[in-house]
Amino acid sequence: MANKFGSLVSLLLLLTLVHRSYAGSIAIYWGQNGNEGTLAQTCETGKYRYVNIAFLNIFGNGSTPEINLAGHCNPSVNGCQVVSGDIRRCQKLGVKVMLSIGGGFGNYSITSASDAKNVARYLWKNFLGGHLSSRPLGNATLNGVDFDIELGSTKNWDLLAKYLKSYSKPGKKVYLTAAPQCPLPDAYLDRALNTGLFDFVWIQFYNNAPCQYSSGNVTNLINSWKRWTSTIPAKKYFLGLPAAEAAAGSGFIPANVLKSQILPVIKSSRNSGGGGDGGGGGGRSGGGDFNGGGGGGGGDFNSLVVVVVAGGEVIWRIR
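With mature numbering (1 follows the signal peptide of the UniProt record, and there is no 0) as the guide, the letters of the sequence shown map in order to residues -23 to -1, 1 to 296.
Given below as C-alpha cells:
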C-alpha cells in the first residue's frame, strides 16, 4: 500500500452514517507529523469530533509496549506525559480522544487469549483507567482504543476487542474504533469487526483498486460501501478518501465527481436512510454548507452526515 500511513495522518475525507441526527463529525490521526502542532492546537481548531493518537506500535507476545509519537516527545524518558494536559483540553472541548494501536511499522501481535487479556489490561491501566505513575501519556484518561492493524498476525484481534470492551461500565464507556482497508473481508480485523463491538469504523477507500474510485469509475467504491454498511455491524461508518492526489498512491476523487456521482447514490442507498427531497442548494468553499435533503425514509439509519476535508479545511458538508 502506498503510504497509507501518511494518508491517515493527513486525513482526508470522512463520510459518516449515524443512527441519529448528528452535526458534522470529522476524525483525524495525530502524532506522526512533528510539524502538525500540538494535540491541544488540533482540537482547538474546532474541526474535529474525534482524534486518534498514533501509534502504540509495539505490544503483545510478551513484549514491553512502546508508543511512538514521532517528533512530538520522547516516551523513553517519560517525555510524552506532557500530552496529558492536551488530552484533557480536547475532552473539555467535546473531542473524544482515542489511542491508535498498530500502524504501518512496528512489532505487534496478539498470540493467544491470555495475551489479549494482558494487552487489554495494560491498555486499561495505562491509558483508559488506573492510576499508574508510569502512564506513557500522563494521568489523563482516554476515551477508547483505535485498531489500525496493518501487519503481523491476523489472529485474536476479536479477543482483544472483547477484553477491552469488558472494561466499559456505567459512566465510563470504552470506545472501540477501527481503520480497515476497503476490501472485504478485512485481512486483519474481519473477526473483530463482526463482533459488533466497534463504535466507529473509518474505512479506507484508497490504495485499493478493487474498491476505490478509478479513472471516472465510481461503481467499485459505491458497491464496496454498500457491502460494508450492510454486513459489518457498527454504530457509525466513515468513508475515508484522500484530500489531495499527493495524500495517497491512488483513489483521489475530484470534488465535482464526489458531489455529483458518489454522494447522491450513497445518500439514497438502502442503509443511508435516504428519503427526503434528495436535492440541495449550491455549496461554497471555505467552510460553506451544502444542505442536502432531509432524513426519514427506509433503512437502518436516519441521518447522513458528510464532511469533506481538503488540507484541513472544510469545503462543504451535507447534513
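Ideal Cβ positions, reconstructed from N, Cα and C, are used throughout, including at glycine. Here the structure is a predicted model, which means the values were calculated and not measured.
Residue Val60 holds the alpha-carbon nearest to the alpha-carbon of Thr19 among Val60, Gly56 and Phe82. By the Cβ test, the stretch 117 to 130 is in contact with the stretch 80 to 89, since at least three Cβ pairs between them sit closer than 8 Å. Remark: C-beta atoms of Tyr152 and Val178 do not approach each other more closely than 8 Å. Here Ala90 carries a helix assignment [DSSP, helix/strand/coil]. Taken through DSSP and simplified to helix, strand or coil, Thr196 comes out as helix. In the DSSP annotation of this structure, the continuous segment of the beta strand (DSSP E) that includes Ser77 starts and ends at Lys73 to Gly80. DSSP, reduced to helix, strand and coil, places Glu13 outside both helices and strands of the structure shown, so it counts as coil. Per DSSP, the continuous beta strand (DSSP E) segment holding Asp125 begins and ends at Gly121 to Ile126. Contiguous beta strand (DSSP E) elements confined to the stretch 107 to 188 occur at 121 to 126, 152 to 155 and 177 to 181, taking only those with 3 or more residues. Around the beta-carbon of Leu16, 16 or more other beta-carbon atoms lie within 10 Å, marking it buried. Here Lys203 carries a helix assignment [DSSP, helix/strand/coil]. The shortest CA-to-CA distance from Gly79 to any of Val96, Pro187, Ser201 and Ser237 is the one to Val96.
In the three-state reduction of the DSSP assignment, Leu240 falls in the helix class. DSSP, read as helix, strand or coil, puts Leu218 in strand. Residue state for Leu46 is assigned as coil, using DSSP reduced to three classes.
Distance check between Ile3 and each of Thr41, Gly14, Thr208 and Tyr25 places Tyr25 closest, using alpha-carbon atoms only.
Residue pairing by DSSP places Phe36 opposite Tyr85 in a beta bridge. The closest CA to that of Asn38, considering only Asn197, Gly228, Ala90 and Ala223, is found on Ala90. Each residue's CA atom was taken as its position, placing Leu119 and Pro162 some 29 Å apart. Between Pro210 and Pro187, the C-beta gap is not smaller than 8 Å, which leaves the two residues out of contact.
Ala93 counts as buried, since at least 16 other C-beta atoms from the protein chains shown sit within 10 angstroms of its C-beta.
Short of 7 Å from the beta carbon of Cys67, and not among the five residues preceding or following it, lie these beta carbons of its own chain, in chain order: Leu16, Ala17, Cys20, Val28 and Val74.
DSSP, read as helix, strand or coil, puts Tyr6 in strand. Per the C-alpha coordinates, the member of Leu114, Gly23 and Asn194 positioned closest to Asn51 is Leu114. Its Cα nearest to that of Glu43, the residue Asn103 stands out among Gly228, Asn103, Phe124 and Ala224. Rounded to whole angstroms, Phe229 and Ala156 show a C-alpha spacing of 18 Å. Taking Leu136 as the centre and dropping the five residues before and after it, the same chain places the C-beta of Ala90 and Ala93 closer than 6 Å to its C-beta, in chain order.
Beyond the five residues adjoining it in sequence on each side, Arg204 comes within less than 7 Å, by CB distance, of Leu161 in the same chain, given in chain order. Taken through DSSP and simplified to helix, strand or coil, Tyr27 comes out as strand.
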